Structures are given as structure tokens and as C-alpha cells.
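**Q** Numbering-wise (my numbering), the sequence shown opens with residue 1498 and increments by one.
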Amino acid sequence: MEYNPIIKKVRDTVLNFRRLMKEKEGDKLAAWCNELINDENENIKGFARSIRRDFQAVY
1498 MEYNPIIKKV RDTVLNFRRL MKEKEGDKLA AWCNELINDE NENIKGFARS
1548 IRRDFQAVY
């Protein structure tokens, strides 16, 4: 399989989110989302925005 940097970025993003949730590191979620908001990939930005909306609803 060929290396695809976009797929790698999406995979890494999802795995990092999973790790934050699994290890109950919700206090790091806001900073993580802020970092993703600056990503060049619109899908990753959208993912971060949707998490931030949910985060704001909970807190």
C-alpha cells in the first residue's frame, strides 16, 4: 500500500482522540482541538469544531 500523508494525518488524529478519551485526559481536549482548528485539512478542522461544540454542551 502506498503512503498517503492525508490518511496518516486522519488516522493519527483519530488515534489521539481515542487516547485522550481512553486515558480520561479530557482536560487536554480543548488544547488538542485548538491545534486541529489550525490544520490545513477541512475535514480535520470540522472534526475539531464538532468536538468543541459537544465539549461546550457538556461543560
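No residue lacks a Cβ here, since even glycine has one placed at the ideal position from N, Cα and C. All values reported here derive from a predicted model rather than from experimental measurement.
With respect to the alpha helix (DSSP H) encompassing Asn1513, which residues constitute its N-terminal and C-terminal limits?
**A** 1502-1519
**Q** In this structure, does DSSP put Asp1524 in helix, strand or coil?
**A** helix
**Q** Please look up how many angstroms separate the CB atoms of Lys1525 and Ile1534, rounded, as I've assumed it's under 8 Å.
**A** With 8 Å as the limit, Lys1525 and Ile1534 do not qualify as a contact, their Cβ atoms being about 15 Å apart.
**Q** Consult DSSP for Asn1538 and reduce its assignment to one of helix, strand or coil.
**A** DSSP places Asn1538 in coil when its eight states are reduced to three.
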